[in-house]
Amino acid sequence: MAEIKYTTADPKGVLTGVHYMDGNHAACEGALAAGCRFAAGYPITPSTEVVERFSVRIPLVGGVFIQMEDEIASSICLQGAVWAGLKAMTVSSGPGISLMQEHVGLAACLETPCVFVNVQRGGPSTGLPTLPGQADMQQCRWGSHGDYEVIALSPSTVQECFDFIIDAFNLAEIYRVPVFFQMDECVGHMTEKVIIPEADKIKVVERRYTSKPPEEYLPYKPDPDLVPEMVKAGDGYRFHVTGLTHDERGYPVINAQAQKEMVYRLVEKIEKNAPKIWKFEEEDIDGADVVVLSYGISARVALKAIEMAREKGVKVGRMRLIVVWPFPEPRVKEVANSVKAIVVPELNIRGQIAREVERIAEGVCKVVRVPHAGGTVHDPEQIFDAIMEAAR
Amino acid sequence: MSVEEKVKENPVEEFLRTDRLPHVWCQGCGIGTTVNCFARAVRKCGIPLEKLAIVSGICCTGRVAGYLKLDSFHVTHGRPIPFATGLKLANPELTVVVYSGDGDIAAIGGNHLINAARRNVDITVIMLNNFTYAMTGGQVTPTAPYESINTTAPYGAYEKPFNLPHLVASCGAVYVARWTAYHVVQLTKAMVEAMNKKGFSFIEVISPCPTIFLRRNRLGDAIAELKFYKEHSVIKHGADTSEVGWDETRPDEIIVGKFVDVERPDFIEAMNTHLSKRLGDKYVWWGKK
Ligand SMILES: Cc1ncc(C[n+]2csc(CCOP(=O)(O)OP(=O)(O)O)c2C)c(N)n1
Ligand code: SF4
Ligand SMILES: [Mg+2]
Chain A
1 MAEIKYTTAD PKGVLTGVHY MDGNHAACEG ALAAGCRFAA GYPITPSTEV VERFSVRIPL
61 VGGVFIQMED EIASSICLQG AVWAGLKAMT VSSGPGISLM QEHVGLAACL ETPCVFVNVQ
121 RGGPSTGLPT LPGQADMQQC RWGSHGDYEV IALSPSTVQE CFDFIIDAFN LAEIYRVPVF
181 FQMDECVGHM TEKVIIPEAD KIKVVERRYT SKPPEEYLPY KPDPDLVPEM VKAGDGYRFH
241 VTGLTHDERG YPVINAQAQK EMVYRLVEKI EKNAPKIWKF EEEDIDGADV VVLSYGISAR
301 VALKAIEMAR EKGVKVGRMR LIVVWPFPEP RVKEVANSVK AIVVPELNIR GQIAREVERI
361 AEGVCKVVRV PHAGGTVHDP EQIFDAIMEA AR
Chain B
1001 MSVEEKVKEN PVEEFLRTDR LPHVWCQGCG IGTTVNCFAR AVRKCGIPLE KLAIVSGICC
1061 TGRVAGYLKL DSFHVTHGRP IPFATGLKLA NPELTVVVYS GDGDIAAIGG NHLINAARRN
1121 VDITVIMLNN FTYAMTGGQV TPTAPYESIN TTAPYGAYEK PFNLPHLVAS CGAVYVARWT
1181 AYHVVQLTKA MVEAMNKKGF SFIEVISPCP TIFLRRNRLG DAIAELKFYK EHSVIKHGAD
1241 TSEVGWDETR PDEIIVGKFV DVERPDFIEA MNTHLSKRLG DKYVWWGKK
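Keeping their order, the protein sequence lines are chains A and B.
Quick note: the first sequence, position 226, residue 226 per the numbering used here, numbers continuous.
Quick note: the second sequence, position 23, residue 1023 per the numbering used here, numbers continuous.
Structural data, given as structure tokens:
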């Protein structure tokens, strides 16, 4: 089995120091710190600053930026770069992310470790190019056809854009999956203090390259953690990979048995490893009557509402998802068992995360949605009212 | 050596995934012939096998990647060129070949084709033109000749077909050739040249699809088609590409040859030259100097 090898960041990519920058710039710096040396993208508001900064920085660090002809091209170009040995990302927003979906499936199927950054805006269609939304939370999970699993993270602060995109790259390598970094226009465009540590303080995961010789190597034979070891082009393995359903050799096999083996493993390598992937932040859950569960910018806006409700004497706890997918189901179930209600504010009107909470909390506690169509963030009063109603 | 041994010894076997044979292609299909040429070109080109990668899209021709014992990638329909671009840019030491069908490269992948030619990404595109979407049963393509019968052009095609050598040449491809499945010697040589050419090289290979295109258009069998190629081909190296279009199912003249072979800095060279000029010592050179 390929050991998961942690190293520290290559200092060439690390801009150690205290900075004031926006979330998009911080995400770019985080990606460079994580070892990303290739980005392919196509301009789209409100995400463009990420690749703009990358195109300024990468010539000084060593790597390639290419502005592709569209997002379909970007989302596969980066996978070519990964299979040639680099860490790579693409960056976009609503319409561009929609165009990329076929290649999210390709990445899931080929098990290409890579990162898709989505600075979410309001949709559908061209929607609200310059204003925030959180309405692509289910898209990142189900957007491509077929059965597969991804990992998705959602930062709330500019510092987290830096910190957690490093996690995104590391998780992509450990599990060989496409990882979504679900930002939003607010987090992407707000300017805050960012502390970039010294390179030797930044933990980076290396690719799970095999140590087997070519005669013994099978591209899709999984390790005990269900993730196969990787090789790259140019190393003499003369391997084959295909987006067709395939066996351990990577050869196409078009039947129900091969399909079952492949898709179950693609899903289970995330499901069974989920306890190692979950990441959330909690406060005052014990003894709370109401818990506000949120993520991204909405979790931040909710802080004000929580403070207001506490002033009224309501015992409010909070849970903030950092890794959104896989969903921390057992913990949400425990929380549901201990409270009267869970309140879920988010910038979409169909309860994209709330319905997940409802499914888990069904028959156990009340779930109160706080929908918002996007374009701006919630008024804290709105969340406050929901908390007060939930506490009744 | 007995006759049996002689027959068994396939000169290109070392380049094939023999554990995957028999292949999926129909009897008489031209794809296999071109793969044979390609395998011979691989032997002759002087590029170490481990540095040669092949990328295919989804189509009958797209199955080529799966039968060649190279680092081989079978990706999505229409997108082998951007995948190949990523491979090449990330590791400039690789020689990267795209091998795919006319629908894959010129219809759904058309935007990638023109942009890769414009950027002069150092890859070789071998596009097998059988004038139809063979894998999905023979629908009309942007290469389908006027009046040709296809399942989605049941009364005959009436759109102007692409002249692909002209298209890629005008976008800046540095090597452009067209051969047919009849011209195995010339095709093999062109493949060797294209793989060794720095920059974007493009070979259109006209190839018989007896099962679908020939049958539906009552053009005879594969042998008849190869005979047609033989009798009607005119070799015109350096031909004006604006005059090589294939508009009728049975053109009087099939113009084949090496149309373009020029020099122009490829993407990586242009990037390195430009950025080092602008950034001086601060620029981190990409790839071998
Ligand atoms: C996005 C997408 N659209 C459509 C298809 C279906 N499809 C598979 S192969 C093919 C046609 C391939 O034709 P061509 O590229 O000319 O290659 P040939 O089979 O003739 O060699 C199509 C349309 C697909 N796989 N993916
Ligand atoms: S359908 Fe046509 S192109 Fe496809 S394998 Fe058969 S003969 Fe060849
Ligand atoms: Mg075709």
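Backbone N, C-alpha and C define an ideal beta-carbon position, used for all residues, glycine too.
This structure is a prediction, so every number in the text was calculated from the model and none was measured.
heavy atom of ligand 3 below 6 angstroms from residue i C-beta
i	result
Gly374/A	no
Thr1132/B	yes
Gly1028/B	no
Gly1062/B	no
Short Cβ contact (7 angstroms threshold) for residue i with residue j
i	j	result
Glu198/A	Thr16/A	yes
Val1035/B	Val1055/B	no
Ile353/A	Met137/A	yes
Ser47/A	Ser93/A	yes
Cys140/A	Gly23/A	no
Asp1104/B	His1077/B	yes
Ser1242/B	His1166/B	yes
Ile195/A	Ala34/A	no
Glu229/A	Thr210/A	yes
Thr114/A	Pro43/A	Residue 114/A is actually Cys in this sequence, not Thr. No, these two residues do not count as a Cβ contact at 7 angstroms.
Any non-hydrogen atom of ligand 2 closer than 6 angstroms to residue i Cβ
i	result
Asn1111/B	no
Ile1031/B	yes
Pro1210/B	yes
Trp325/A	no
Burial state of residue i, where buried means 16 or more other Cβ atoms lie within 10 Å
i	result
His240/A	buried
Pro219/A	buried
Tyr264/A	exposed
Gln134/A	buried
Lys5/A	exposed
Asp147/A	exposed
Trp1025/B	buried
Ile383/A	buried
Asp1019/B	exposed
Test: residue i CB closer than 7 angstroms to a CB of chain A
i	result
Val1064/B	no
Val1075/B	yes
Tyr1133/B	no
Val1012/B	no
Tyr1067/B	no
Phe1083/B	yes
Lys1282/B	yes
Arg1079/B	yes
Glu1050/B	yes
Short CB-CB distance (under 7 angstroms) between residue i and chain B
i	result
Leu303/A	no
Ala39/A	no
Cys28/A	no
Pro95/A	no
Arg238/A	yes
Gly35/A	no
Ala9/A	no
Cys109/A	no
Gly122/A	no
Val241/A	yes
CA-to-CA distance, residue j to residue i, given in whole angstroms
i	j	result
Cys1059/B	Tyr1133/B	8 angstroms
Glu1263/B	Ala1173/B	9 angstroms
Met1001/B	Asn1010/B	For Met1001/B, the predicted model reports a pLDDT of 47, less than 50, meaning its position is unreliable; a value from the coordinates is still stated below. Distance between the alpha carbons of Met1001/B and Asn1010/B is about 14 angstroms.
Ile202/A	Gly1086/B	27 angstroms
Trp142/A	Pro1208/B	40 angstroms
Lys87/A	Ser55/A	16 angstroms
Ile97/A	Glu71/A	7 angstroms
Ile277/A	Cys77/A	27 angstroms
Ala393/A	Val357/A	The requested residue 393/A does not occur in the structure, where chain A is confined to residues 1 to 392.
Pro155/A	Ala31/A	14 angstroms
Cys28/A	Tyr175/A	22 angstroms
Lys1289/B	Val1168/B	29 angstroms
Residue i: CB within 6 angstroms of a non-hydrogen atom of ligand 1
i	result
Thr1249/B	no
Asp1104/B	yes
Thr1151/B	no
Ile1058/B	yes
Gly1101/B	yes
His1077/B	yes
Met100/A	no
Thr1136/B	yes
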